[in-house]
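>
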Amino acid sequence: MSGQGMNLTLRVWRQAGSEDKGEFRFYQLNNVSEHMSFLEMLDVLNEQLIKLGEEPVAFDHDCREGICGMCSLMINGQAHGPDNETTTCQLHMRRFRDGDTITIEPWRAKAFPVIRDLVVDRTSFDRVISAGGFVSVNAGNAPDANCLPVPKQDQEKAMDAAACIGCGACVAACKNASAMLFTSAKVSQMSLLPQGKPERARRVLNMVARMDEEGFGSCTNTSECEAACPAGISVDNIARLNREYLKAVVFSDEGI
Amino acid sequence: MFKVADSPLDGRVPDGPIADKWDNRKNELKLVSPNNKRKYEVIVVGTGLAGASAAASLAEMGYNVKAFCFQDSPRRAHSIAAQGGINAAKNYPNDGDSIWRLFYDTVKGGDYRARESNVYRLASVSGNIIDQCVAQGVPFAREYGGTLANRTFGGAQVSRTFYARGQTGQQLLLGAYSSLMRQVSAGKVTLMPRREMMDLIVDEGVTRGIVCRNLKTGEMEAHTGHAVVLATGGYGNVFYLSTNAKGCNVTAAWRCHRRGAYFANPCYTQIHPTCIPVSGDYQSKLTLMSESLRNDGRVWVPKSADDTRAPNEIPEDDRDYYLERRYPAFGNMVPRDVASRAAKERCDAGFGVGETKQAVYLDFKHAIERDGEDAIRSKYGNLFHMYEKITAENPYQVPMRIYPAVHYTMGGLWVDYNLESSVPGLFVLGEANFSDHGANRLGASALMQGLADGYFVLPYTVGDHIGKHGSSLKPLGNDHPVVQEALESATSRVNSILAVNGTKSPDSIHRQLGQIMWDKCGMARTAAGLKQAAEEIRALRDVFWNEVKVLGSGDSFNQNLEHAGRLADFLEFAELFATDAWHREESCGGHFREEHQTEDNEARRDDEKFCYAAAWEFQGVGEQPMLHKEPMEFNEVALSTRSYK
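Chains as they are written, first to last, in our numbering: chain A, 399 to 654; chain B, 13 to 657.
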């Protein structure tokens, strides 16, 4: 390990609670190793704050290997920071330079209210899934798994969509705070697989309605969501959702 | 260091031939009729594979369920990080697999320290799990004909592992989560996210509910019901550095232990052979590289200890593929405990690679030459991507550097065959219990166990408890003395932590605990080291209670306080861990005592003295725990020395 790390200025959003107005505060952090992850850098900041008697910065994180979707953060205005297809926990400090000022903010969206500092409430995503992001099959009902062959290309596309980690970067990156990429990923996965077909019309109608009720904005096809997505979810899924929605409205009994 | 109970502990295994035991038990279990189920409430703590599948299944059957997790959503539970796959005895590849073989491999892989009857049941429901997951829309890998694909995992000579790229845990968890959310919309499950379980409510020896802290508001809440299901995962974070998520903790299990639930085999820890090595002292966690990589990657070190050449410049003749050399039958696919010890042996002997010399190579050169880079990318793309993110090296071009890390804990709360703990009405599932993996877990078996417990075992057995006791268990109000006592005890613990107001952060004390555990309770253990570890842990516990510094208050969102509370429990639990490891004077699976090894450094079991599960009863902090022994009987798989040569 070299002793010479980076010296950084951090501009961090601090907000004591959901009712608090909140403000940016500046912190100086020295000798940051390039091998640290971004969250490890924040750990070091928090250790420094505790020593000085200031409450540490609250931020959500858990698996720290890019899969649980718990970490978030707008870093210099980009959801999960500058790297493509990378969560904040997988972002490493080698991406930054000595002397940089880094601005760190929470996701900002009406449907994701701030709980404290950089932590937001994303339970609206759970409610969108509960509106229809499932196949109605009880444990014990399933036929043998190989009864229903699924073409490999369909399974691969379904897997591409199912890879969504539910972090909310798509919402944070969107100027309308739309949850279309998130919702469309689940709708796509289910509509590509034969298991999802019986409920496809209800699913898309209910999930879209719930998305609107939760206060997410409309989609205007700017694709910022795709650029920000750490799991590589494509906007093709949004096109698929729109087709599913149209079919459901026009052709199904559920659409009226 | 401990006391021993007079009579052996009974696992309440049903009678009959092994293949009939589960059916026999199901025929004996009490049923609760559909219109009565809706009168009962079951509390499920933890929403990983075991917890989410149990909560969804119970709600589907008609029970009212409250599901708790400390994360912001049930979908974040750490099952999501499992990469490689899930075993099932489907025999789709027609390569000779069967329920018996999966059972045999799991008992042998666990080094003959698991309960035979539980393992057989696990193997026999494994096929149903795959059916259920496919029906939910889990996008498992498929062949061009549309049927399901399989791959091989360590400790097996058949292909029985189902997978969804390198994200199998994610897809299985999202499947269980989708079933759970369906029951939320049906009004049968109430979700309680951002709650930390702080205590178990027990009245007259029967489980009645839990106390939890609302992590958003700091409020202490009591929730009562007719049964409590604990599915709160493992305790690997007692080592500080592990592949577990940062939030994983022993608190819920430990709080139940303090209320009377026995803790079994805490020393059985799985050290996974293929993780990304430690890079610096700021390191906050370790990252696993799936065992499935050993299907195509070959593990080696240079033959010469002072070889400073770059890996690609070292010719074949100067490489030691030590797993293939030592274990020709299984080669790179030996079980995890064997592979980890072999890596440690090479590094300790000076053959390690990289800057720290604490690493070995996992090389895909031959696989890429044989199958092409695209084929390797389609199998492991996300893992290679993750490796490159962390290390800034391209594993398609240079071999990965890997080293063992704490990954999974086979020990856990003691349960009988019905998965019921020693406190009636408290059921324990998944990694949080001790029952199925013995002293070492085979790859792709954790997902199998979590879902078997949640979908196909607990939904039957919980009904037996409710059928017997449900109608006599009247609801307990918040003013009931046992509820009051539990609420006050949880509140006073939080207040005591805040009152210390010392100078040391919880993180710094946790790192110290991790260092003690890794050095003295890690991959190689000795009697003297373990005894010393117990003393150091006691001393560190004093440091915590005199010098910890937690800022902020208890009545708000306070992550530092959460961490401190979990650490306080780890500091009590760690001493039991060291005691258990010290008492077990043999080597088995993940528990390796240096005094007990063969001439060629393999584990030497002592079946005469230690063929039992050690279930510990709490007697007070710092007091000698009481050991209850449940004998492990092997009627189907003969006890023998495990060999992978």
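Where is the CB? At the ideal position from N, CA and C, for every residue including glycine.
When you compare each of ASN445(B), ILE414(B), LEU305(B) to HIS12(B) by their alpha carbons, which one comes out closest?
In this structure chain B extends from 13 to 657, so residue 12(B) is not present and cannot be described.
> Going by C-alpha distance, which of ASN619(A), ARG409(A), SER435(A) is nearest TYR399(B)?
Counted from its first residue, the second sequence places residue 399(B) at position 387. The shortest C-alpha separation from TYR399(B) is found at SER435(A).
> What are the boundary residues of the alpha helix (DSSP H) that ASN36(B) is part of?
Reading the second sequence from its first residue, position 24 is the one you call residue 36(B). Per DSSP, ASN36(B) belongs to the alpha helix (DSSP H) from 33-40.
> Check distances from the C-beta atoms of the stretch 74-97 of chain B to those of chain A and list, in chain order, the residues that come in under 7 Å.
Those would be GLN83, ASP84, SER85, ARG87, ARG88, HIS90, ILE92, ALA93, in chain order.
> Note down the Cα distance separating ASN99(B) from SER138(B), rounded to an integer number of angstroms.
Numbered from 1 along the second sequence, position 87 holds the residue referred to as residue 99(B). Numbered from 1 along the second sequence, position 126 holds the residue referred to as residue 138(B). Taking the straight line joining both Cα atoms gives about 7 Å.
> Between PRO454(A) and chain B, is any beta-carbon pair separated by less than 7 Å?
Here residue 454(A) refers to the residue found at position 56 of the first sequence. Taking Cβ atoms only, chain B reaches closer than 7 Å to PRO454(A), which makes this a yes.
> Along the chain, where does the beta strand (DSSP E) containing TRP426(B) start, and where does it finish?
As a working mapping, residue 426(B) is identified with position 414 in the second sequence. First-last for TRP426(B): undefined, no H or E at that position.
> For a test of the three-state rule: what should DSSP assign to MET204(B), helix, strand or coil?
As a position in the second sequence, residue 204(B) is number 192, starting the count at 1. Of the three classes helix, strand and coil, the one that applies to MET204(B) here is strand, per DSSP.
> Per the DSSP calculation, LYS15(B) is bridged to which residue(s)?
As a working mapping, residue 15(B) is identified with position 3 in the second sequence. LYS15(B) is bridged to MET638(B).
> Does DSSP put ASN106(B) in a helix, in a strand, or in coil?
Taking the first residue of the second sequence as position 1, residue 106(B) is located at position 94. Coil, per DSSP.
> List, in chain order, every chain A residue whose beta-carbon is nearer than 9 Å to that of GLY158(B).
Translated into the one-based positions of the second sequence, residue 158(B) becomes position 146. Within 9 Å Cβ-Cβ: ASN544, LEU546, PRO547, VAL548, PRO549, LYS550, ASP552, GLN553.
> Kindly indicate if chain B contains any beta-carbon less than 7 Å away from that of ARG412(A).
By 1-based counting over the first sequence, the position of residue 412(A) is 14. False, the Cβ-Cβ gap to chain B never drops below 7 Å.
> Leaving out five residues before and five after PRO20(B) in sequence, what residues of the same chain have Cβ atoms less than 7 Å from its Cβ?
As a working mapping, residue 20(B) is identified with position 8 in the second sequence. Cβ within range, chain order: LYS641, GLU642, PRO643.
> Between the stretch 522-540 of chain A and chain B, which residues of the former have CB atoms less than 9 Å from a CB of the latter, in chain order?
Residues passing the 9 Å Cβ filter: PHE523, ASP524, ARG525, ILE527, SER528, ALA529, GLY530, GLY531, PHE532, VAL533, SER534, VAL535, ASN536, ALA537, GLY538, ASN539, ALA540.
> Would ALA444(B) be called buried (16 or more neighbouring beta carbons within 10 Å of its own) or exposed?
Numbered from its first residue, the second sequence carries residue 444(B) at position 432. With 16 or more other Cβ atoms within 10 Å, it is buried.
> For PRO454(A), which residues from the same chain have a beta carbon less than 7 Å from its beta carbon, with the 5 sequence-adjacent residues on both sides left out?
As a working mapping, residue 454(A) is identified with position 56 in the first sequence. Same-chain partners within the cutoff: ASN444, LEU447, ILE448.
> Could you give the DSSP three-state label for SER435(A): helix, strand or coil?
By 1-based counting over the first sequence, the position of residue 435(A) is 37. It is a strand residue.
> Could you confirm whether any beta carbon from chain A is found closer than 7 Å to the beta carbon of ALA661(B)?
Because chain B spans 13 through 657 in this model, residue 661(B) falls outside it and cannot be assessed.
> I'd like to know whether the C-beta atoms of ASN277(B) and ALA626(B) end up nearer to each other than 7 Å.
Taking the second sequence and counting its residues from 1, the one referred to as residue 277(B) is at position 265. Taking the second sequence and counting its residues from 1, the one referred to as residue 626(B) is at position 614. The answer is yes: Cβ separation under 7 Å.
> Report back the beta-carbon spacing between TYR415(B) and PRO323(B) to the nearest angstrom; my notes put them in contact at under 8 Å.
Sequence index remark: in the second sequence, residue 415(B) carries index 403 (1-based). Sequence index remark: in the second sequence, residue 323(B) carries index 311 (1-based). In fact, because the Cβ distance is near 15 Å, the residues do not count as touching under 8 Å.
> So if I threshold CB-CB distances at 7 Å, which residues from the stretch 245-263 of chain B count as touching chain E?
In the structure shown, chain E cannot be found, because the protein chains are A and B.
> Who are the Cβ neighbours of LEU655(A) in its own chain at under 7 Å, not counting the five residues just before and after it?
Examination of residue 655(A) is not possible in this model, given that chain A is present from 399 through 654 alone.
> Tell me the rounded alpha-carbon separation between MET301(B) and LYS486(B).
The residue you call residue 301(B) lines up with position 289 of the second sequence. The residue you call residue 486(B) lines up with position 474 of the second sequence. Near 50 Å, if we compare the C-alpha coordinates of LYS486(B) and MET301(B).
> Thinking C-beta only, is GLY450(B) closer than 7 Å to LEU61(B)?
As a position in the second sequence, residue 61(B) is number 49, starting the count at 1. As a position in the second sequence, residue 450(B) is number 438, starting the count at 1. Not closer than 7 Å, so no.
> Would a check of beta-carbon distances place SER431(A) closer than 7 Å to chain B?
Counting from one through the first sequence, the residue named residue 431(A) turns up at place 33. It does: the Cβ of SER431(A) has a partner Cβ on chain B nearer than 7 Å.
> With burial defined as no fewer than 16 other Cβ atoms inside 10 Å of the residue's Cβ, what is the status of VAL633(B): buried or exposed?
By 1-based counting over the second sequence, the position of residue 633(B) is 621. Exposed, because fewer than 16 other Cβ atoms sit within 10 Å of the Cβ of VAL633(B).
> Hey, how far is the Cα of TYR429(B) from the Cα of CYS268(B)?
Position 417 of the second sequence, counted from the start, is the residue given in the question as residue 429(B). Position 256 of the second sequence, counted from the start, is the residue given in the question as residue 268(B). When rounded, the distance between both Cα atoms is 19 Å.
> Does the CB of GLY564(A) have a neighbour CB from chain B at under 7 Å?
Your numbering for residue 564(A) matches position 166 in the first sequence. Closer than 7 Å to some Cβ of chain B, the Cβ of GLY564(A) qualifies, so yes.
> Mind the definition here: the stretch 565-577 of chain A touches the stretch 470-484 of chain A only if three or more C-beta pairs lie below 8 Å; say whether that holds.
Result yes; three or more Cβ-Cβ pairs closer than 8 Å.
> Kindly list the residues whose CB is nearer than 8 Å to the CB of GLY594(A), restricted to its own chain and excluding five residues on each side of it in sequence; keep chain order.
For this step, residue 594(A) is matched to residue 196 along the first sequence. Counting only Cβ-Cβ distances below 8 Å, and skipping sequence neighbours, we find VAL533, GLN587, MET588, ARG601.
> If you reduce the DSSP assignment to three classes, tell me which class SER400(A) lands in.
Reading the first sequence from its first residue, position 2 is the one you call residue 400(A). The pLDDT assigned to SER400(A) is 47, lower than 50, so where the model puts this residue is not dependable; a value taken from the coordinates is nonetheless given after this. The answer is coil: DSSP assigns SER400(A) none of H, G, I, E or B.
> Using the Cα positions of GLY467(A) and LEU563(B), report the straight-line distance between them to the nearest angstrom.
The sequence position of residue 467(A) within the first sequence is 69, counting from 1. The sequence position of residue 563(B) within the second sequence is 551, counting from 1. Distance between the alpha carbons of GLY467(A) and LEU563(B) is about 27 Å.
> In the DSSP assignment, find the alpha helix (DSSP H) that holds HIS522(B) and state where it starts and stops.
Locating residue 522(B) in the second sequence gives position 510, where the first residue counts as 1. First-last of the alpha helix (DSSP H) with HIS522(B): 518-533.
> Does DSSP put ILE402(B) in a helix, in a strand, or in coil?
Against the second sequence, residue 402(B) aligns to sequence position 390. Of the three classes helix, strand and coil, the one that applies to ILE402(B) here is helix, per DSSP.
> If I follow the unbroken beta strand (DSSP E) through TRP628(B), where does it start and stop?
Counting from one through the second sequence, the residue named residue 628(B) turns up at place 616. Residues 624-629.
> Locate the alpha helix (DSSP H) running through MET605(A), then write down its first and last residues.
Position 207 of the first sequence, counted from the start, is the residue given in the question as residue 605(A). Segment 598-611, the alpha helix (DSSP H) holding MET605(A).
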